[in-house]
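Enquirer:
Residue numbers (mature numbering (1 follows the signal peptide of the UniProt record, and there is no 0)): -20 to -1, 1 to 339.
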């Protein structure tokens, strides 16, 4: 136990040291642009004007964010915000909903709360922008880039140098497979069959992104979604065996995603794909990193897991793993982002991390 604590303390020290060195070393971004596809873990405001329960454009969301409440589903910065900083960007990547003119030259964030790989995932919450629709929005961005850069070839050359971060799948479980009253997928498929269905569709979507110019693509796996407060209290009604079942059910998705990364790297050898091990990064003793509260969110939550509007959150936010009953705090996002950018364990990223992907 003492050895594990020493290892985690050393990792934390290295994370802080590398972050400081990176902040000093990169005067210009390491890539010209950063494109983000995802769900509420990355949404920066795309859901604000949708008719949906899946939006975070109210207090106390954004209480620690420099620009206040923006539609981010956390108290401060998201994982992709922090990765953007580590890449050297001096501004946050704009959401598609508000990106205008030359804004798109630094990239676009297409992520949408409640979005899934499957179009129907999250529909009970209202409007959302599925991955298929996010890809269509990216096509719109490409036409704008061609206008800005002059030719299709110039736009393609530009896009080939950019980083793409594609992180979906959680809602295909939380807001689909594990909601049998709303969806039939759990009656149609075993967990392994469902993972295959998801990865088969994901593969086509990622290959389309490749055809649209992506050459550096990071693909985070799913974290232990059975262990989030919402799953424990609402889906599982405090049943620990249910939590274990949910966590085990998503493991085939991660296994198949690793295999997909291998396949894509073989078949599309002028591109590079990496897997980020979200589950592995979530393991270990959280108290070593300063977290004291791991089973409830910092803000009082509604039945759907989001903060109650205008509620008063906890004061010691750096000690909480979760902001609401679903989404992590900025404190945990910092840890995840830094390990995604610079792996500190061989299992953090495969076959390499983001810093080497963009080098």
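Cβ coordinates follow ideal geometry from the N, Cα and C atoms, glycine included.
#1: Do the region 191 to 199 and the region 140 to 147 touch if we need at least three Cβ pairs shorter than 8 Å?
#2: Residues in the same chain with beta-carbon distance under 6 Å from residue 222, minus the five sequence neighbours each way, listed in chain order, please.
#3: Count the other CB atoms, across all protein chains shown, that sit within 10 Å of the CB of residue 184; report buried if there are 16 or more and exposed otherwise.
#4: For residue 331 and residue 318, what's the separation of their Cα atoms in angstroms?
#5: According to DSSP, what are the bridge partners of residue 287?
#6: Spell out the partners DSSP gives residue 89 in its beta bridges.
#7: Taking 7 Å as the cut-off, decide whether the C-beta atoms of residue 105 and residue 33 are in contact.
#8: Please list, in chain order, all residues of the same chain as residue -3 whose beta carbon is under 6 Å from its beta carbon, the five residues on each side excluded.
#9: Please report the straight-line C-alpha distance between residue 204 and residue 47, rounded to a whole angstrom.
#10: Bridge partners for residue 32 per DSSP, in chain order?
#11: Name the DSSP beta bridge partners of residue 200, please?
#12: Determine which residues share a DSSP beta bridge with residue 147 and list them.
#13: Going by DSSP in three states, residue 1 sits in which element: helix, strand or coil?
#14: Please report the straight-line C-alpha distance between residue 116 and residue 243, rounded to a whole angstrom.
#15: Closest to residue 161 by CA distance: which of 173, 103, 180, 190 is it?
#16: The alpha helix (DSSP H) that contains residue 153, what's its start and end?
#17: Do the CB positions of residue 88 and residue 72 come within less than 7 Å of each other?
#18: Could you tell me the alpha carbon to alpha carbon distance between residue 129 and residue 135, rounded to whole angstroms?
#19: Across the region 89 to 103 and the region 10 to 20, are there enough close Cβ pairs to call them in contact, namely three or more that are closer than 8 Å?
#20: Considering only C-alpha positions, which residue in the set 208, 181, 65 is nearest to residue 300?
#21: Could you tell me whether the region 156 to 175 touches the region 109 to 124, using the rule of 3 or more Cβ pairs below 8 Å?
#22: State the beta-bridge partners of residue 308 as determined by DSSP.
#23: Which stretch, first to last residue, makes up the alpha helix (DSSP H) that contains residue 134?
#24: Could you spell out the range, first to last residue, of the alpha helix (DSSP H) harbouring residue 49?
#25: Closest by CA to residue 83, which one among 69, 229, 275?
#26: Alpha carbon to alpha carbon, what distance is there between residue 316 and residue 1?
#27: Taking only three categories from DSSP, how would you classify residue 275?
#28: Run the CB neighbour count on residue 229, radius 10 Å, all protein chains shown included, and call it buried at 16 or more, exposed below.
#29: With burial defined as no fewer than 16 other Cβ atoms inside 10 Å of the residue's Cβ, what is the status of residue 272: buried or exposed?
#30: Can you check whether the CB of residue 270 is closer than 7 Å to the CB of residue 327?
#31: Based on the DSSP output, what are the partners of residue 194 in its beta bridges?
#32: Please work out which residues of its chain come closer than 7 Å, Cβ to Cβ, to residue 57, disregarding the five sequence neighbours upstream and downstream, and give them in chain order.
#33: What does DSSP give as the partner residue(s) for residue 329 in the beta ladder?
#34: Roughly how many angstroms lie between the CA atoms of residue 294 and residue 28, to the nearest whole one?
#35: Quick one: what does DSSP say residue 249 is sitting in, helix, strand or coil?
#36: State buried or exposed for residue 349, treating a residue as buried only when at least 16 other CB atoms are found within 10 Å of its CB.
Expert: Checking against the coordinates, here is how it stands:
#1: yes
#2: 216
#3: exposed
#4: 17 Å
#5: 281
#6: 16, 75
#7: yes
#8: Confidence at residue -3 is low in this model, with a pLDDT of 48, below 50, so the placement of that residue should be treated as unreliable; the coordinate-derived value is given next. Excluding residues within five positions, the ones whose Cβ falls inside 6 Å are 322.
#9: 30 Å
#10: 106
#11: 256
#12: 18
#13: Low confidence applies here, because residue 1 scores a pLDDT of 46, under 50, leaving its location unreliable and the question unanswered by this model.
#14: 25 Å
#15: 103
#16: Element bounds for residue 153: n/a, residue is neither H nor E.
#17: no
#18: 6 Å
#19: yes
#20: 208
#21: no
#22: 302
#23: 132 to 140
#24: Per DSSP, residue 49 belongs to no alpha helix (DSSP H) and is neither H nor E.
#25: 69
#26: Because the pLDDT at residue 1 is just 46, under 50, the model does not fix this residue reliably, and the value given afterwards should be weighed accordingly. Cα-Cα distance, rounded: 18 Å.
#27: strand
#28: buried
#29: exposed
#30: no
#31: Answer is none; residue 194 lacks a bridge partner.
#32: 45, 310, 313
#33: 256
#34: 24 Å
#35: coil
#36: For the chain, the structure presents residues -20 to 339; residue 349 sits outside this window and is missing.
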